[in-house]
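Numbering (my numbering), first residue to last: 2 to 140.
Here's the structure we're looking at; comments come further down.
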């Protein structure tokens with residue numbers, strides 16, 4: 002069962018609920034205000050719906066700048082605090098190189114080659130809390 006969560010027209014980022022997972026597909030340019038709104042929307046949706054996983058598909062993104070990289074890391078940290086894991090799917094090699102060059106390690110963020118692999122990863126590892134930065138026993 003999928004459910005679409007409405008958001009302001011200015012954000013233009015669809016968020017679908019597929020069972021216990023939110024699926025977010027980023028395409029084209031994502032302006033800073035839309036990225037911040039997306040972060041707020043994902044946090045609110047996790048809190049109200051109880052989903053245990055978030056998949057962010059960035060295969061449609063040609064460029065990920067330092068701001069968006071930080072937003073992705075913050076979404077992962079926020080999701081972890083709300084007992085959900087985040088997986089970024091579809092990262093292009095050029096985007097990975099850029100993130101490394103910018104020194105963004107994206108702690109707490111798992112990656113997968115595509116959306117299907119991301120969903121499988123969440124299913125295999127259990128999409129809830131476990132080994133994120135705020136897991137029990139983590140420094």
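Just so you know, even glycine gets a beta-carbon here, dropped at the ideal spot from N, CA and C.
- Alpha carbon to alpha carbon, what distance is there between residue 125 and residue 133? The residue labelled residue 133 in the question sits at position 132 within the chain shown. The residue labelled residue 125 in the question sits at position 124 within the chain shown. Residue placement at residue 133 is poorly supported in this model, since its pLDDT is 40, which falls under 50; the coordinates still yield a value, given next. Distance between the alpha carbons of residue 133 and residue 125 is about 15 Å.
- Query: Quick one: is the Cβ of residue 21 within less than 6 Å of any heavy atom of the ligand COA?
  - Reply: Within the structure as shown, the ligand COA is missing, as the structure has no ligands at all.
- Message: Measuring only the C-alpha atoms, how far is residue 54 from residue 89?
- Response: Start at 1 with the first residue of the chain shown, and residue 54 comes out as number 53. Start at 1 with the first residue of the chain shown, and residue 89 comes out as number 88. Spanning the two alpha carbons is a distance of roughly 11 Å.
- Query: Do residue 65 and residue 36 have their C-beta atoms within less than 7 Å of each other?
  - Reply: Translated into the one-based positions of the chain shown, residue 65 becomes position 64. Translated into the one-based positions of the chain shown, residue 36 becomes position 35. No, they are not a contact pair.
- Give, in chain order, every unbroken run of the beta strand (DSSP E) that is at least 3 residues long and sits entirely within the region 30–106. 54–61 and 86–90
- Going by DSSP, name the residue or residues bridged to residue 111. Indexing the chain shown from 1 puts residue 111 at position 110. Paired residues: 88.
- Taking the alpha carbon of residue 14 as the point to measure from, which residue in 50, 52, 62 and 48 has its own alpha carbon closest? Start at 1 with the first residue of the chain shown, and residue 14 comes out as number 13. Closest option to residue 14, Cα to Cα, is 62.
- residue 102 to residue 84 span [Cα, whole Å]: Counting from 1 along the chain shown, the entry for residue 102 is found at position 101. Counting from 1 along the chain shown, the entry for residue 84 is found at position 83. Between residue 102 and residue 84, the C-alpha separation is close to 30 Å.
- Item | Separation of residue 93 from residue 48, as counted between CA atoms | Residue 48 sits at position 47 when you count from the first residue of the chain shown. Residue 93 sits at position 92 when you count from the first residue of the chain shown. Each residue's alpha carbon lies about 30 Å from the other.
- Message: Let me confirm a value: residue 106 is counted as buried when at least 16 other C-beta atoms fall within 10 Å, else exposed. Which label applies?
- Response: Start at 1 with the first residue of the chain shown, and residue 106 comes out as number 105. Result: exposed.
- Query: Excluding the five sequence neighbours on either side, which residues of its own chain have a C-beta within less than 6 Å of the C-beta of residue 119, listed in chain order?
  - Reply: Taking the first residue of the chain shown as position 1, residue 119 is located at position 118. Within the same chain, residue 119 has close Cβ partners 56, 88, 90 and 113.
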